[in-house]
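In the numbering used here, each residue's number is its place in the sequence shown (first place is 1) plus 2.
Ideal Cβ placement from N, Cα and C applies to all residues, glycine included.
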Amino acid sequence: MATRRSSARWRIPIAAKLILGFLLVIILMSVVFIVAGIELIGHRIVDEAQQKVRYDLNAAREIYSGRLGNITDVVRFTADRFLLMNALLSGDVELVTDELSRIRDREALDVLTITDAAGRVLVRSSNPGVLGDDQSHDELVQAALKDLQPAASTILVSAQDLELESPALAEQARIEFIDTPRARIRPESQETAGLMLKAAAPVFDDAQNLIGVVYGGVLLNGDFELVDKVKQTVFQDLMYGGKDIGTATVFQDDVRIATNVRNEDGTRAIGTRMAEDVYNQVVVEGEPWVGRAYVVNDWYITAYEPIRDFSDQIVGVLYVGILEQKYRDLQRETVLVFLGIALLGVAGAMTLAYLVARPISRSIGKLAAASREIAHGNLDATVQIQSNDELHELAKTFNLMTTTLKERDQKLKEFTTRKVMESERLALIGHLAANVAHEVNNPLQGIVAYSHLLLEKMADGDSSRAFVQKIVVQAKRCTEIIRGLLDFSRQRKPLKQPCDVNGVLRECLALIEDQALLHNIQVQRNLQGNLPPVVVDPSQIQQVFMNMLINAAEAMDGRGRLTLSTREEPAGGFVEVAFEDTGRGISEENLEKVFDPFFTTKDVGHGTGLGLAISYGIIREHKGTITVESEVGRGTCFTVRLPMAAEEAVTRGNAT
């Protein structure tokens, strides 16, 4: 008795349970959506920032390259000046010293120098008193002397060469290292060499004989014009929280030599160094870096890419970065707004849950009372619910329950029995289909064996021998097709080997050229000679090509022109095979579904719709692609791209 009273005391009404259940579901779903929304928004903002910084790096690279191009133009035009040629021919180079100085000042160059045809300095506009030294060791001067063409690049200039050009440049290039958090350890304490945008151009006489070289350049160490132009052009000098929202830097190795990144005291962070993890990826491995990085004293969304010299060696790094704090604040504000909306939604949903749960609980209470009456044997008990929803239908069904219970129970038993039998039948069909797929190989093997015996007994000159040979080939191909169907579900890996695409295509044509389907079809072969080998499974690729040929012939109803083309694509390391017919074409609606399993436009009994799906799977396993272009009434073109052998792809790509 005491236990019964305790249960009654703690009994929770159905209305409370419904409301509590609704609230738990709503709260759980709200939490899930809030967490998912926060993650999605956070990642989206970061992704957008990283995408922007990629574009910013592209813009910075264009500005950098534009400055180098400007230097190249100045040097080239200077080399073409008549005054310079006369001075070199006459030996009176003092005639052009003042002119070179004016050009250097006007074009904002740090260096503008003339050498003779052996590379010895004749005129040095930035240090006129130092002449006669040999600059033929300079890569750009070498290139101009050897190739007789202008050459330009970013190069590393030693302290000795800078001293020759100008003691002031040597002093400008000297940068003391500043301890920087997260930077790698270096034994040196300063940088004395300089990073220079430099160009050299040959000078010719009227007979186009080489008589000298002009070279000029701008020292990047301590020169802020380039990085400030990037900041002004790309980031428009915008500020956030008292800091530049965007910054740009030129590194020499891992040292900032030109930057608008600021120290805590507001000075430019010249001499500070790159974070070690960024250095390892960009300078050591030669790969660009796009992502979050620590820059001097704050976190930035950054993009770095290596700067290479004339010999393709990494001598520096170009950097742009966006202050991460702006995006973090934006992320936090967005999350707070999202959280507020979600909480308002939860509150509204809670109120709605209460309003919905109350009438439901009352209706369920009536149903429970009527159920107790039925449990006590009163089959005349009914329930009346006045509503326009499913509860009213439930009440009607409940009232019919006492008179239809036995009938419904019988129907349920019949339904269950029928479902069990149907499941057993489907299982039997599935088992039978699997056995058939495997057992079909047995008669095929018999065909192969007896056709081989028949072939052995035939004389070499027998006119039927070629037909028997085709029986052998086709029987083996049937075996391969069956195996291909099984492979389609099991995803069997291809047995790859170097193979001649043109040879496989010719074999396929030989197999079907005598069929009636091709008698009225003109086959045009545009096969590129000397194609590189591709790495494929020959039997699988033959299966793909046969499917393409047969589909093309059927699409033309046995009459038209089939063009087969092969060509090499060295840049991508692929060989292309195209099958172009003049058939009915494929509608735009069906074009998107041609590679779907079991999709076919043929009449029932004429194809399973697996051919193109299997072909697509085979080509994908070979790391290739298969595409289709079609126009209704004009024809269709399927293009298969297969990878070359690795060494062939590298060799031909370099040749290109």
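Do residue i and residue j have their C-beta atoms closer together than 8 Å?
{"i": "valine 252", "j": "leucine 222", "result": "yes"}
{"i": "glutamine 198", "j": "valine 159", "result": "The sequence as given places methionine at residue 198; glutamine does not occur at that position. Yes, these two residues count as a Cβ contact at 8 Å."}
{"i": "threonine 61", "j": "alanine 145", "result": "The residue you asked about is not threonine; residue 61 is alanine in the sequence shown. No, these two residues do not count as a Cβ contact at 8 Å."}
{"i": "leucine 25", "j": "alanine 355", "result": "yes"}
{"i": "glycine 318", "j": "aspartate 225", "result": "no"}
{"i": "isoleucine 514", "j": "leucine 507", "result": "no"}
{"i": "threonine 156", "j": "arginine 275", "result": "no"}
{"i": "alanine 204", "j": "alanine 81", "result": "According to the sequence displayed, residue 204 carries proline and not alanine. Yes, the pair counts as a contact, with Cβ atoms nearer than the cut-off."}
{"i": "glycine 560", "j": "arginine 636", "result": "no"}
{"i": "aspartate 135", "j": "valine 123", "result": "yes"}
{"i": "leucine 166", "j": "valine 132", "result": "yes"}
{"i": "lysine 245", "j": "leucine 325", "result": "yes"}
{"i": "lysine 231", "j": "isoleucine 73", "result": "no"}
{"i": "cysteine 480", "j": "leucine 456", "result": "no"}
Rounded to a whole number of angstroms, what is the C-alpha to C-alpha distance between residue i and residue j?
{"i": "glycine 350", "j": "glutamate 278", "result": "52 Å"}
{"i": "alanine 477", "j": "glutamine 517", "result": "16 Å"}
{"i": "valine 450", "j": "threonine 565", "result": "33 Å"}
{"i": "glycine 1", "j": "glycine 273", "result": "Residue numbering for the chain in the displayed model covers 3 to 658; residue 1 lies beyond these limits and cannot be assessed."}
{"i": "threonine 627", "j": "lysine 233", "result": "43 Å"}
{"i": "valine 286", "j": "glycine 562", "result": "59 Å"}
{"i": "glutamine 192", "j": "arginine 184", "result": "18 Å"}
{"i": "leucine 91", "j": "glycine 218", "result": "21 Å"}
{"i": "threonine 399", "j": "histidine 45", "result": "52 Å"}
{"i": "isoleucine 112", "j": "leucine 171", "result": "Just to set this straight, residue 112 is aspartate in the shown sequence, not isoleucine. So the two alpha carbons sit approximately 8 Å from each other."}
{"i": "leucine 430", "j": "threonine 419", "result": "A caution first: leucine 430 carries a pLDDT of 43, below 50, which makes its placement in the model too unreliable to give a value."}
{"i": "cysteine 639", "j": "serine 632", "result": "6 Å"}
{"i": "isoleucine 316", "j": "tryptophan 301", "result": "25 Å"}
{"i": "serine 138", "j": "isoleucine 621", "result": "54 Å"}
{"i": "asparagine 453", "j": "glutamate 416", "result": "According to the sequence shown, residue 453 is serine rather than asparagine. Between serine 453 and glutamate 416, the C-alpha separation is close to 55 Å."}
{"i": "arginine 258", "j": "isoleucine 309", "result": "13 Å"}
{"i": "leucine 97", "j": "valine 125", "result": "10 Å"}
{"i": "lysine 54", "j": "glutamate 594", "result": "33 Å"}
{"i": "valine 474", "j": "serine 465", "result": "16 Å"}
{"i": "serine 365", "j": "leucine 22", "result": "18 Å"}
{"i": "threonine 641", "j": "leucine 533", "result": "16 Å"}
{"i": "glutamine 162", "j": "arginine 106", "result": "21 Å"}
{"i": "methionine 87", "j": "phenylalanine 206", "result": "7 Å"}
{"i": "arginine 83", "j": "valine 76", "result": "11 Å"}
{"i": "aspartate 598", "j": "alanine 51", "result": "38 Å"}
Spell out the partners DSSP gives residue i in its beta bridges.
{"i": "leucine 114", "result": "Gly218"}
{"i": "valine 123", "result": "Thr117"}
{"i": "glycine 293", "result": "Thr304"}
{"i": "isoleucine 473", "result": "BP columns for isoleucine 473 are empty, so no partner."}
{"i": "glycine 196", "result": "Val159"}
{"i": "tyrosine 321", "result": "Thr251 and Tyr306"}
{"i": "serine 632", "result": "Thr638"}
{"i": "proline 500", "result": "Val537"}
{"i": "glutamate 509", "result": "Looking at the DSSP assignment, glutamate 509 forms no beta bridge with any residue, so it has no partner."}
{"i": "asparagine 522", "result": "Arg561"}
{"i": "asparagine 528", "result": "Ser567"}
For residue i, is the classification buried or exposed, using 16 other Cβ atoms within 10 angstroms of its Cβ as the cut-off for buried?
{"i": "tyrosine 329", "result": "buried"}
{"i": "tyrosine 321", "result": "buried"}
{"i": "aspartate 267", "result": "exposed"}
{"i": "leucine 142", "result": "buried"}
{"i": "valine 33", "result": "exposed"}
{"i": "alanine 298", "result": "Sequence check: residue 298 is valine here, not alanine. Classification for valine 298: buried."}
{"i": "asparagine 549", "result": "buried"}
{"i": "glycine 243", "result": "exposed"}
{"i": "methionine 558", "result": "buried"}
{"i": "arginine 643", "result": "buried"}
{"i": "tyrosine 281", "result": "buried"}
{"i": "methionine 241", "result": "exposed"}
{"i": "threonine 353", "result": "exposed"}
{"i": "isoleucine 523", "result": "buried"}
{"i": "leucine 338", "result": "exposed"}
{"i": "aspartate 208", "result": "exposed"}
{"i": "glycine 432", "result": "Unreliable placement is indicated for glycine 432, whose pLDDT of 36 sits below 50; no coordinate value is reported for it."}
My understanding is that residue i touches residue j, with C-beta atoms under 8 Å, so please give their C-beta distance in whole angstroms.
{"i": "leucine 102", "j": "serine 127", "result": "4 Å"}
{"i": "serine 567", "j": "alanine 580", "result": "4 Å"}
{"i": "lysine 495", "j": "valine 538", "result": "Actually they do not touch by this definition, with Cβ atoms about 12 Å apart."}
{"i": "cysteine 510", "j": "proline 535", "result": "Rounded, the Cβ-Cβ distance is 17 Å, inconsistent with contact."}
{"i": "isoleucine 36", "j": "alanine 250", "result": "Their Cβ separation, rounded to whole angstroms, is 38 Å, which puts isoleucine 36 and alanine 250 out of contact at 8 Å."}
{"i": "valine 284", "j": "alanine 271", "result": "Going by Cβ atoms, the distance from valine 284 to alanine 271 rounds to 18 Å, so no, they are not a contact pair."}
{"i": "isoleucine 213", "j": "alanine 295", "result": "Not confirmed; about 50 Å, so no contact."}
{"i": "glycine 531", "j": "methionine 646", "result": "So it is not a contact: roughly 16 Å between Cβ atoms."}
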